[in-house]
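Participant:
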Amino acid sequence: MAQLFPSLKSFEGPVFLFKPIVLSALSEQIEKLTIVDDRLLDEVSLTKMYDLIPRLPRLRTFGIWSDAVDEGILVNILRTIVNAAAGQLEEIEIHDIDSGSYGEVMELIAQVRGLRSVTLDESVLGMAAKNDAEKLEWNSFAANLRRTCPRLRTIYRPIRKFDNENREKVWELLDDV
């Protein structure tokens, strides 16, 4: 893979190309990884790559843009990336989180102390409200997330558009107060 794309720094594409990229020498130089697939199934042997990724020392942005993710895949991929990125990760984009994965996904996101931007579906507000026993808006959700991710500056929600922008800003830190 490294011979085909020797200067690859950004990848946005299907999951079947994701695995060979992160398990190659390209893992040392990749700065942005986004899986874009209709469904994430385990048919590409993703379980065999969990925790095999040596390091992603330059990775700043990671995203999963999928309409349906089989149980466990989202959490395992995110855990693998968070561990491999060694504190360099600044942005996470996730389209769909089911209620069964919400707690684990948020625990993993909370480990990303340098997180500056996150893209999450509005469904997280309802799931967060169930866990916190209060109705949350984006401001409250952001305040809770900033307790563990103090560098957080922006929250987006995914939208369906056919031009360049596929997300919409729903919260932004206006000052450092």
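In case it helps, the working numbering puts the sequence shown at residues 1368 to 1544.
Note that CB positions come from ideal geometry on N, CA and C, so glycine has one too.
Values in this document were obtained by computation on a predicted structure and should not be read as measured data.
How close, in whole Å, do the beta carbons of Pro1373 and Glu1395 come, if the pair is a contact with beta carbons under 8 angstroms?
Facilitator: Indexing the sequence shown from 1 puts residue 1373 at position 6. Indexing the sequence shown from 1 puts residue 1395 at position 28. About 12 angstroms separates the two Cβ atoms, so there is no contact after all.
Participant: Please report how far the alpha carbon of Gln1455 lies from the alpha carbon of Asn1443, in whole angstroms.
Facilitator: The residue given as residue 1455 occupies position 88 in the sequence shown. The residue given as residue 1443 occupies position 76 in the sequence shown. When rounded, the distance between both Cα atoms is 19 angstroms.
Participant: If you reduce the DSSP assignment to three classes, tell me which class Ile1476 lands in.
Facilitator: On the sequence shown, position 109 is the one that residue 1476 refers to. Helix.
Participant: I think Arg1518 touches Leu1487, with their Cβ atoms under 8 angstroms apart; what is that distance to the nearest whole Å?
Facilitator: For this step, residue 1518 is matched to residue 151 along the sequence shown. For this step, residue 1487 is matched to residue 120 along the sequence shown. Not a contact, Cβ separation roughly 17 angstroms.
Participant: If you draw a straight line from the alpha carbon of Val1491 to that of Asp1463, how long is it in whole angstroms?
Facilitator: Your numbering for residue 1491 matches position 124 in the sequence shown. Your numbering for residue 1463 matches position 96 in the sequence shown. The straight-line gap from Cα to Cα measures roughly 9 angstroms.
Participant: From Lys1536, Gly1493, Leu1475, Ile1388, pick the residue whose C-alpha is nearest to that of Thr1521; which is it?
Facilitator: Mapped onto the sequence shown, residue 1521 falls at position 154. When only C-alpha atoms are compared, the closest one is Lys1536.
Participant: Looking only at its own chain, which residues have a Cβ that is under 7 angstroms from the Cβ of Ile1526, when we skip the five neighbours before and after it?
Facilitator: Here residue 1526 refers to the residue found at position 159 of the sequence shown. Same-chain partners within the cutoff: Asn1533, Arg1534, Glu1535.
Participant: With a threshold of 8 angstroms on Cβ separation, who are the neighbours of Trp1558 within its own chain once the five nearest residues in sequence on each side are excluded?
Facilitator: Residue 1558 cannot be examined here, being either before or after the span of the chain that is shown, 1368 to 1544.
Participant: If we ignore side chains and look at the alpha-carbon of each, how far apart do Pro1421 and Val1436 end up?
Facilitator: Counted from its first residue, the sequence shown places residue 1421 at position 54. Counted from its first residue, the sequence shown places residue 1436 at position 69. The straight-line gap from Cα to Cα measures roughly 24 angstroms.
Participant: How far does the beta strand (DSSP E) with Arg1524 in it extend, from its first residue to its last?
Facilitator: Here the question's residue 1524 lines up with position 157 in the sequence shown. Annotation: the continuous beta strand (DSSP E) that includes Arg1524 extends over 1521-1525.
Participant: Excluding the five sequence neighbours on either side, which residues of its own chain have a C-beta within less than 6 angstroms of the C-beta of Trp1432, listed in chain order?
Facilitator: Sequence index remark: in the sequence shown, residue 1432 carries index 65 (1-based). Excluding positions up to five away in sequence, the list reads Val1403, His1462.
Participant: So, are the CB atoms of Glu1460 and Phe1429 less than 9 angstroms apart?
Facilitator: On the sequence shown, residue 1460 is found 93 positions in, with the first residue counted as 1. On the sequence shown, residue 1429 is found 62 positions in, with the first residue counted as 1. Result yes, Cβ atoms of Glu1460 and Phe1429 sit closer than 9 angstroms.
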